[in-house]
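Shown next, in structure tokens, is the structure this report addresses.
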Amino acid sequence: MEETDFEEGLKLIRLVEVLSGRSLGRYNSSAIADRNLKLILGLVWTLILHYSISKQIWDDHAGDATKVEDVSPKTKLMTWLKGKLPAGLPFTNFTSDWNDGILLGALVDSCAPDLEVDWRNWLPSQALHSTRTAMHLAKAYLKISPLIAPEELISPAVDERSVMTYLSQFPGAKYTPRMARFRDIDVMPIVGVDSKFTLQMSNARTVPEINIRGPTESSISYTFCRISETIYDFIYQPKIAGEHQKLLQIVAIVRDEVSGNFAQLTSPIIIAVEGAHLLYDRNVQLGMPVEFTIENPGKDSIEVLVVAPYDEGFLVPVILDGNVYRGQFIPKQEGAYELNVFQKGKQIKRIAGSPFPLTVIAQVITDIHRKSVDRTQINIWGRGLEPNGIQSGEEVIVYADYSDSLLKSLHMRVHGPCVVIAGNEIPVSETVDGNLHLKIFKYRPREVGIHEVDVLFGENHIGKSPYKFSMDLTE
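The sequence shown begins at 770 in the working numbering and counts up by one.
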């Protein structure tokens, strides 16, 4: 706070109005004439003690101690809170006891039981998340003004008077159940990972409309499931990490179909964060090293399990290099592999996208300096050449190695079952992977019967071309 913040008096007057619950409209900025910060802060604390604590209307939880006139405001507040909080929760001060958010969550739950605040499963290590959640619920459902920031409340150096001022609003809070409420919102979801939240309605007549907007103000798609007459589950994926003012927000419009009444709910502040992600080449040659990097792993250690074709899998050693983990292995056989990447914290969990696919192909040996090409030495392979097992509508692939001298001459044709009668040629797409020196053909058969695949160098068949495969109704 700056020395001049209360210079014209309006902020101080507003604070008094919040604490006292009364309008001070007859006062204006002339009520505060100088910039004596110590005097102003003393006045503020005096007003807090008088209006927000001493003159508070205490309920029966406060006990006989609050009936004694000479009991201090601090003792009154502590006695009331102890009576409101569940038995067994440690509470001896207005500083460190409130640092982890658990006590605040229990207090909100006690004041508004049907909110079902899950404070018993909160962890001290997630203090900021818990405190933000509890303060949002207190503001939304109990009209408790956030007179202190969550980041300040979890600080070991938190100011006792600030905590007392914030908590002094609870004895006078009145809870009115709303038409709907959010539950289980993750305020720090991971980019690219499903995030789930629940919307609970007050009755079966209430219907929700949800709008989720990301940091760029673009709408984020979601799926939902009505799991009961009054409870809806929603799932979405944050696309962009939030920084500074780039926040994510969920807004729900709920409407009672009978009365026509409606209400708008807004989620707490949501900041999506980047999770750990894997960088690697998805296609490699047999015998060549597979190098990979895991970026943004956080504080958790990383474990990588590779599952090879017809194998139970093996662990790959990884090393921490600055802020990333690195590792490599050499595949021993061709085929489809899986890279499983786990974060090992208090719980073992997969990173987003795991398991990751890896395709290992036969080693390609080419000589780009050779002027003439022996077409009998061109390697051709792939599911698109298998004699059976191909299903109708399935996209199948054929690989062929190449050098610059044969690239344009190498092509493929696929004929359907009616080739003798009408030609019936199936479209074939061609792409080139320059890094692996591969030409890749793709086609999608649909008709039942015998198909013919021609792999050609110029107009000459190569390998065992023409290949034939059968597709019938049982495939």
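Note that the Cβ used here is the ideal one computed from N, Cα and C, for glycine as well.
Indicate the three-state DSSP secondary structure (helix, strand or coil) for LEU1017 in the structure shown.
strand
Just to confirm, are ILE1147 and ILE1231 a CB contact at a threshold of 7 Å?
yes
For ASP1080, three-class secondary structure by DSSP
coil
With VAL1129 and GLY1104 assumed to form a contact (beta carbons below 8 Å), what rounded beta-carbon distance in angstroms separates them?
6 Å
Using a 10 Å radius around the Cβ and a threshold of 16 neighbouring Cβ atoms, would you call CYS880 buried or exposed?
buried
Is the distance from the Cβ of GLY857 to the Cβ of ALA903 below 7 Å?
no
Hey, would you say TRP769 sits closer than 7 Å to PRO940, going by beta carbons?
Coverage of the chain is limited to positions 770 through 1244, which leaves residue 769 absent and any answer about it impossible.
Can you tell me whether THR975 is helix, strand or coil according to DSSP?
strand
Report the rounded CA-to-CA distance for LEU1074 versus PRO1058, giving the unit in angstroms.
16 Å
Test item: CB-CB of VAL1087 and TYR1079 under 7 Å
no
Measure the alpha-carbon distance for PHE860 versus ILE871 and round it to whole angstroms.
11 Å
Any idea what DSSP makes of GLU1107, helix, strand or coil?
strand
Who are the Cβ neighbours of ALA949 in its own chain at under 8 Å, not counting the five residues just before and after it?
LEU968, GLN969, MET970, SER971, THR975, PRO977, ALA1021, VAL1023, ALA1032 and LEU1034
DSSP puts ILE981 in a beta bridge; with which residues?
ILE1019
Inter-residue spacing [alpha-carbon to alpha-carbon] between TYR1212 and ILE1149:
15 Å
Write down the C-beta distance between ILE1166 and VAL1183 rounded to the nearest angstrom, noting that I regard them as a contact closer than 8 Å.
Incorrect: roughly 12 Å between the Cβ atoms, too far for contact.
What residue range is occupied by the uninterrupted beta strand (DSSP E) comprising ALA1032?
1031 to 1035
By DSSP, does MET1181 sit in helix, in strand, or in coil?
strand
In or out: ARG901 buried (at least 16 other Cβ within 10 Å) or exposed?
buried
For TYR935 versus TYR910, is the C-beta spacing smaller than 7 Å?
no
Please classify ASP869: is it buried, with 16 or more other beta-carbons within 10 angstroms of its beta-carbon, or exposed?
buried
Let me know if VAL1201 comes out buried or exposed under the rule of 16 or more other beta-carbons within 10 Å of its beta-carbon.
exposed
At what residues does the alpha helix (DSSP H) containing HIS905 begin and finish?
896 to 911
Please confirm whether ILE1219 and SER1239 have their CB atoms less than 7 Å apart.
yes
Suppose the cutoff is 7 Å on Cβ atoms and the five residues either side in sequence are ignored; what does the same chain contact list for PRO1126 look like?
ARG1051, ALA1105 and GLU1107
Count the other CB atoms, across all protein chains shown, that sit within 10 Å of the CB of LYS908; report buried if there are 16 or more and exposed otherwise.
exposed
Within its chain, find whatever has a CB closer than 8 Å to the CB of ASN1030; leave out the 5 residues flanking it on each side and keep chain order.
MET948 and ARG1024
Throw me the rounded Cβ distance for the ILE1117 and TYR1168 pair, which I believe falls under 8 Å.
Incorrect: roughly 37 Å between the Cβ atoms, too far for contact.
Suppose you measure from the CA of PRO946 to the CA of TYR1005; what does that come to, to the nearest Å?
27 Å
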